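Below is one structure, written out as structure tokens; the observations come after it.
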Amino acid sequence: MTPLTQLPAGAWRGVAGVFTDIDDTLTTSGAITLDALRALSALEAAGLPVIAVTGRPVGWSEPFALGWPVRAIVAENGAVLLTRTAADTSPGQPGVTEEKGLRPASGGRNQLQKTYQQDAETRRRNFGRLQDAAARVLREVRGATLARDSAGRETDIAIDHSEFMHLSERRIGEVVRILREEGLHATVSSIHVNGWIGEHDKWQGACWAARELLG
124 MTPLTQLPAG
134 AWRGVAGVFT
144 DIDDTLTTSG
154 AITLDALRAL
164 SALEAAGLPV
174 IAVTGRPVGW
184 SEPFALGWPV
194 RAIVAENGAV
204 LLTRTAADTS
214 PGQPGVTEEK
224 GLRPASGGRN
234 QLQKTYQQDA
244 ETRRRNFGRL
254 QDAAARVLRE
264 VRGATLARDS
274 AGRETDIAID
284 HSEFMHLSER
294 RIGEVVRILR
304 EEGLHATVSS
314 IHVNGWIGEH
324 DKWQGACWAA
334 RELLG
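Note that this note's numbering has the sequence shown beginning at 124, numbered continuously upward.
This is the structure we're talking about:
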């Protein structure tokens, strides 16, 4: 892989934006570094929008989508797109809608728009299946625990294997097997085993975000 600093100047002319992961890419030991924030700000100042793609939940991602110099965050492995919009204080402005939720930021300066790949009925139907699959994992895999950020998840589940708890490779494999037997997609990140229902994933979600935001 060629370092970005070694790319010829002409190669940059075709760059419309930058995708990045969050955990262990922008963050170190769970926190974003000052260098990473400076890099994001520099990209924004150069007119290159940054879209962060993560397996983290909507609830975890919301404050960062509002506070970091990024165009958007794609959360829950491609399921939800979080973008900032200018605050609208006109009478009758909805607080949350089914497909695109508008949630005021602190101080009312910006709002957070949530766009889902699946409609509300599909998400409701899938939620029960996800909880059943998670319960089976906890019953059958010794030492398995839900990720601590599970309360903020809307469209997937996550089993902690390396963030606060440790699962062996064999146990991780058991989790993946059970999730797939339950009809879920399952992937292993640096910290979690994620499971969800649907054809989306991080790559598909990144492409979706690019179409929505960059044309």
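Glycine is no exception: its CB is placed at the ideal position from the N, C-alpha and C atoms.
Remember, it's a predicted structure, so these values are computed and weren't measured experimentally.
Around the C-beta of residue i, are 16 or more other C-beta atoms found within 10 angstroms, so that it is buried, or is it exposed?
| i | result |
| --- | --- |
| residue 164 | exposed |
| residue 256 | buried |
| residue 185 | buried |
| residue 279 | buried |
| residue 131 | exposed |
| residue 147 | exposed |
| residue 258 | exposed |
| residue 318 | buried |
| residue 221 | Here the model assigns residue 221 a pLDDT of 39, short of 50, so the residue's position is not dependable, and the following value carries that caveat. Result: exposed. |
| residue 207 | buried |
| residue 194 | buried |
| residue 328 | buried |
| residue 270 | buried |
| residue 419 | Outside the shown range of the chain, which is 124 to 338, sits residue 419, and nothing can be said about it. |
| residue 312 | buried |
| residue 242 | exposed |
| residue 204 | buried |
| residue 337 | exposed |
| residue 158 | exposed |
| residue 246 | buried |
Measuring alpha carbon to alpha carbon, tell me which residue in the options is nearest residue i.
| i | options | result |
| --- | --- | --- |
| residue 332 | 257, 267 and 140 | 140 |
| residue 138 | 144, 304 and 127 | 127 |
| residue 282 | 335, 179 and 147 | 179 |
| residue 154 | 268, 167, 172 and 183 | 183 |
| residue 176 | 168, 294, 187 and 169 | 187 |
| residue 103 | 329, 302, 286 and 167 | Nothing about residue 103 can be reported from this structure: the residues present for the chain run from 124 to 338 only. |
| residue 307 | 195, 252, 315 and 204 | 252 |
| residue 250 | 302, 159, 261 and 277 | 277 |
| residue 275 | 181, 195 and 243 | 181 |
| residue 136 | 152, 160, 157 and 169 | 169 |
| residue 305 | 190, 260 and 134 | 260 |
| residue 144 | 196, 152, 246 and 338 | 196 |
| residue 310 | 335, 284 and 330 | 284 |
| residue 320 | 302, 159 and 189 | 302 |
Could you spell out where the alpha helix (DSSP H) holding residue i opens and where it closes?
| i | result |
| --- | --- |
| residue 295 | 292-304 |
| residue 245 | 243-263 |
| residue 328 | 325-337 |
| residue 158 | 157-168 |
| residue 274 | Counting along the chain, residue 274 falls outside any alpha helix (DSSP H), and DSSP gives it neither H nor E. |
| residue 181 | 181-190 |
Which residue marks the beginning of the beta strand (DSSP E) containing residue i, and which one marks its end?
| i | result |
| --- | --- |
| residue 142 | 141-143 |
| residue 318 | 315-319 |
| residue 176 | 173-176 |
| residue 235 | 233-239 |
| residue 311 | 308-311 |
| residue 132 | Where residue 132 is concerned, there is no enclosing beta strand (DSSP E), given that its DSSP letter is neither H nor E. |
| residue 138 | Careful: residue 138 lies outside any beta strand (DSSP E) and carries neither H nor E. |
| residue 195 | 195-198 |
Stretch pair the region 197-204 + the region 290-306: three plus CB contacts closer than 8 Å: no
Is it the case that the region 235-246 contacts the region 292-304, given that we only count it when at least three CB pairs across the two stretches are under 8 Å? no
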